[in-house]
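Student: Sharing a structure here in structure tokens format.
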Amino acid sequence: QLKLNKYYMIVAFSFADSSCETTVIQTPKSKSLSVGDNVDFTCTTSTDVSSYVAWYHQRPGEAPKLLIYLADILASDIPSRFSGSGSETEYTLTITGVQAEDAGHYYCQQYDEFPLTR
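Here the working numbering is used: the first residue of the sequence shown is 1042, the next is one more, and so on.
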């Protein structure tokens, strides 16, 4: 069993727009996994964001890559081991069968406009 040397890091963000403020909390803060494990990352928002949630993966030294948008839509060229779910104030990114190349930082974003720019 191969132990991943890097951590899956989650950071908390707060996003605000002109009409109201939505706070976004991500858990867990970090996770150490082995290849083949399954993992869920959760994003909780302080208000109902109507599925306007995206998930990104960032490897060290690289730009963030869009994984999921509108809560559960897989972006192009993203492996099917990634999936998103949720509604209202609770959203989840699931990786089924983690691979070594999945190490890095994972970000949840609440947004107000569509389409997203990458």
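We put the CB at the ideal spot given by N, CA and C, even for glycine.
Tell me the residue span of the beta strand (DSSP E) that contains Ala1095.
Tutor: Element bounds for Ala1095: 1094-1099.
Student: Quick one, are the C-beta atoms of Val1080 and Lys1070 less than 7 angstroms apart?
Tutor: Result no, Cβ atoms of Val1080 and Lys1070 do not sit closer than 7 angstroms.
Student: Thr1086: buried (16+ other C-beta within 10 angstroms of its C-beta) or exposed?
Tutor: Buried: at least 16 other Cβ atoms inside 10 Å.
Student: State the Cα-Cα distance for the pair Arg1122 and Gln1140, rounded to the nearest angstrom.
Tutor: Arg1122 and Gln1140: Cα-Cα distance of roughly 9 angstroms.
Student: Let me make sure I understand the geometry here. Which of Thr1130, Val1094, Ala1144 has the alpha-carbon closest to that of Ile1136?
Tutor: Ranking Thr1130, Val1094, Ala1144 by Cα distance to Ile1136 puts Ala1144 first.
Student: So what's Ser1060 in DSSP terms, helix, strand or just coil?
Tutor: Low confidence applies to Ser1060: its pLDDT is 47, below 50, so where it sits in the model is not reliable enough to give any reading.
Student: For Arg1100, which residues from the same chain have a beta carbon less than 7 angstroms from its beta carbon, with the 5 sequence-adjacent residues on both sides left out?
Tutor: Within the same chain, Arg1100 has close Cβ partners Gly1145.
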